[in-house]
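Letter 244 of the sequence shown, counting from 1, is numbered 244 in the working numbering, and no numbers are missing.
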Amino acid sequence: MTGEPGGAAGGAAPATVPRPPGRTPAGPDRPARPAGRRQRPRVPVPVLLIAPSVVFLAALFLWPVIVGVSQAFTGTDGATLAHLRRMLDDPYFWPAVRNTALLIVVLIPLQFAFALAMALLLRSRPRLSSFYFYVWCVPLAVSDLAAGLIWLSILTDRGYLNSVLAHLGLGDGFAWLSYQNPTTMFIAVLLAELWRATSLVLVIVVAGLQNIPRDYDEAAAVFGAGYWQRLRHVILPQLRPSLQVALILRTILGLQTFAVAQALTGRNFPLLVGETYQWYVGLQNERVAAAIALVILAVSIGTAMVYLRVLRDPSIQGRR
1 MTGEPGGAAG GAAPATVPRP PGRTPAGPDR PARPAGRRQR PRVPVPVLLI APSVVFLAAL
61 FLWPVIVGVS QAFTGTDGAT LAHLRRMLDD PYFWPAVRNT ALLIVVLIPL QFAFALAMAL
121 LLRSRPRLSS FYFYVWCVPL AVSDLAAGLI WLSILTDRGY LNSVLAHLGL GDGFAWLSYQ
181 NPTTMFIAVL LAELWRATSL VLVIVVAGLQ NIPRDYDEAA AVFGAGYWQR LRHVILPQLR
241 PSLQVALILR TILGLQTFAV AQALTGRNFP LLVGETYQWY VGLQNERVAA AIALVILAVS
301 IGTAMVYLRV LRDPSIQGRR
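In C-alpha cells:
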C-alpha cells in the first residue's frame, strides 16, 4: 500500500513552511511573540542587589569628597593653592601632625596587645568569662566626649587622682593636663583612648577566634607544639583577616581622634581633626578645614592600602 504523499511511509520529507520575519514559532513551552517587539536585555540580579548600596555610598562618600576637593583647591578667582599654603603655614598644623602620628604609633600596638591577651583569656573559658567580656565591652557604649569627660574628672587638678594622692600624703596634686606638661597630656589622651576603643578590637578578635576550629590547636599540641608555637603558627595565621579589619578600622578611627583630646586638653594638644574643627567653627574658614580633611582622607586611604598589602594572605597570593 502506498502512503499519502509527504507521509512517513512515502519517505518524502515534509514541506517547510517559511516563517514570517520577526516571529518566534509557538509551541507548548514558548508562547507566540508579536512581530516587531524586541526582547529587552535583562539586568543581572547581582547588579540589582548592589545598586542601592552603590547609590548610597556614592551619595554618602563620593559627593562630600568632590565638594571637599572643590573647596580646598578653588577660590573666588578659580583654582588656587592658597588654602594649602595657609594650612601648611599654620603654627598648629605640624604639631597636630606629629601628635596624631605619635598617638597612632603608640596606641595601636597597645590596643592590639591588650585585646589579643583578653581574647585569648576568654578563649580558655575561665569562670565568669561572659561577665568579663561584658565588662570589657562597656566602653563601647560610651561616646568619645563622655569618655573624655570621665577622664577629665579623674585627671583634672581637683580630680579623683589628685585627691587620692593627697589623701595618701603624696603631695598636693599635679597638673596632669597643663600645657607645661606635654608628656602627661599625651599620656592622658592615650589612656582615655586606650580605655575607650580597645573593646572594639576585642570584639573583632573574639569573633575571629570563634571561627578557628580547636582541632588545629589540639593537633599541634599532640605533636608537641608549645603554647607560644601554637599561637604563632596556628592561631595568628588564621586570625589574619580579623586582625586586618581591626587594624584598618582602628587606624582610621585613631586618625579621627578629637572629642577625647578636646575634652581633656583643648587646643593644648592639637590633633588633625581638632584643627579641622578649629578652622571650620572657630576661624570660619571652611576651605582650609577642607584641605586638612583631605590630608586625613589621603593618610587613611594610604595606610589602609599598606595594611592590605602587608597583611595579604600568602596562600591567596600564591594561587593568583
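Note that beta-carbon positions come from the ideal geometry of N, C-alpha and C, so glycine has one too.
When burial is assigned at 16 or more other CB atoms within 10 Å of the CB, is His83 buried or exposed? buried
Out of Arg214, Leu236, Thr184, Val55, state which residue places its alpha-carbon closest to the alpha-carbon of Arg125. Arg214
4-residue-minimum alpha helix (DSSP H) runs that sit fully inside the segment 109–195, ordered along the chain: 129–136, 144–155, 160–167
Would you call the CB atoms of Leu202 and Ala259 closer than 7 Å? no
Give a yes or no on whether the C-beta atoms belonging to Thr100 and Leu271 are separated by under 7 Å. yes
In three-state DSSP terms, what is Val306? helix
When you compare the segment 215–232 with the segment 104–114, are there three or more beta-carbon pairs, one atom per stretch, that lie closer than 8 Å? no
Mind pulling the alpha helix (DSSP H) runs of 4 or more residues that sit fully within the segment 228–311? 240–255, 259–265, 272–277, 286–310
Could you tell me how far apart the beta carbons of Ile204 and Val245 are, in whole angstroms, since I believe they sit closer than 8 Å? 6 Å
For the alpha helix (DSSP H) holding Arg85, just list the boundary residues, first then last. 82–89
Who does Gly68 pair with in a DSSP beta bridge? Its beta-bridge partners do not exist; DSSP assigns none.
What is the rounded straight-line gap between the Cα of Leu308 and the Cα of Pro241? 10 Å
Is the segment 184–199 in contact with the segment 278–289, if contact means three or more CB pairs nearer than 8 Å? no
What distance in whole Å lies between the Cβ atoms of Phe269 and Val189, which are believed to be in contact at a cut-off of 8 Å? 6 Å
Could you pull the DSSP bridge partners for Thr74 from this structure? Ala79
For Ala293 versus Thr276, is the C-beta distance shorter than 7 Å? yes
Could you give the C-beta distance for Ala119 and Leu200, rounded to a whole number, given that I count them as a contact under 8 Å? Not confirmed; about 12 Å, so no contact.
Indicate whether the contact test is met: 3 or more Cβ pairs, each with one atom in the segment 135–150 and one in the segment 224–231, closer than 8 Å. no
Contact set for Trp279: own chain, Cβ-Cβ below 7 Å, skip 5 residues either direction: Asn285, Val288, Ala289, Ile292
Are there 16 or more other CB atoms within 10 angstroms of the CB of Trp176, so buried, or fewer, so exposed? buried
Can you tell me the Cα-Cα spacing of Trp151 and Ala298, whole angstroms? 31 Å
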